[in-house]
Structures are given as C-alpha cells and as structure tokens.
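Numbering (the working numbering), first residue to last: 93 to 247.
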C-alpha cells in the first residue's frame with residue numbers, strides 16, 4: 093500500500109471514530125440527565141469539566157462518578173484543541189447552569205454549533221472562548237440576538 097492510500101484510509105477511519113465520539117444518545121441523556129451526558133461527551137473527547145459545588149476539574153472518564161445523579165449541574169467546560177464537533181453540540185440541550193465554556197482551537201465547531209450553544213446556554217454563560225474555531229463573524233453576529241456580548245467575555 094502506498095503512503096497516500098495509507099493516509100486516505102487513516103482519515104476515513106478517524107472520521108468514523110470522531111463521528112462515534114460526538115454522537116448524541118437520547119437514551120443516555122434520559123438515563124443520566126443532560127448535564128452528566130454532556131460531561132461524559134467532553135471528557136470522552138479529552139476535555140475537562142466542572143460542576144456546581146465541585147472545586148476540582150474532572151479530566152478522567154473514571155472520575156465522572158462524582159457527576160452522576162440528578163443534582164449534578166455542569167457549569168464549566170474546558171475543551172481546548174479536542175475533537176468535538178458542531179454535531180456533538182446537541183449535548184448542550186438542557187444545560188441551564190453553564191458559566192464557562194472554552195472551545196479554543198476546536199476546528200470542528202462552526203456557526204451551526206454556536207447556534208445550538210447560544211440557544212441553550214446564553215442566559216447563564218459568563219465566559220466564552222471560541223478562538224481558533226471555524227465560527228465566522230457572520231455566525232457570531234447571528235447568535236447575538238440571544239444575548240448581548242457585553243454581558244460576558246468573549247475571546
């Protein structure tokens with residue numbers, strides 16, 4: 093097999109893995125709640141999460157046991173340079189306590205992902221980092237209808 097064929101096959105395989113890791117599972121959300129399902133999604137993709145009343149960041153999937161239960165409320169997501177996608181942003185549905193969201197260098201987040209985030213988290217969000225994403229100026233302008241950008245810090 094030539095080198096170029098190897099890379100084509102690797103990209104195709106990687107695409108399937110990326111799709112699987114960003115899949116929204118309605119049954120899982122109903123089982124554990126939207127906050128825990130979103131935390132699992134981020135940590136599974138090598139990001140970090142923190143919940144209301146939790147001082148430490150959860151970085152390890154095995155550490156998510158503290159995130160289970162109806163009382164867990166996701167407040168912080170640190171998703172820097174990980175492979176989350178705009179399709180995976182469906183995980184933001186039902187998140188009402190998000191204060192901090194960093195998607196820095198997540199190149200698979202675009203205008204459609206920001207629209208989903210804004211519909212679900214704009215009222216509680218205080219900090220948003222979208223530097224290095226695929227979000228356009230036009231996409232950002234479209235979502236400012238949900239909240240004034242003066243209400244939170246955008247990087």
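For glycine and all other residues, C-beta sits at the position ideal for the given N, C-alpha and C.
Residue 157 versus residue 196 - alpha carbon distance: 26 Å
By DSSP, does residue 145 sit in helix, in strand, or in coil? coil
Keeping to the same chain, check which residues put their C-beta closer than 8 Å to that of residue 117; ignore five residues upstream and five downstream. 129
For residue 207, which of 148, 151, 185, 189 has the nearest alpha-carbon? 185
So residue 133 and residue 183 are in contact, right, with Cβ under 8 Å, and what is the actual spacing, rounded? 5 Å
Hey, how far is the Cα of residue 152 from the Cα of residue 175? 16 Å
Spell out the partners DSSP gives residue 221 in its beta bridges. 194
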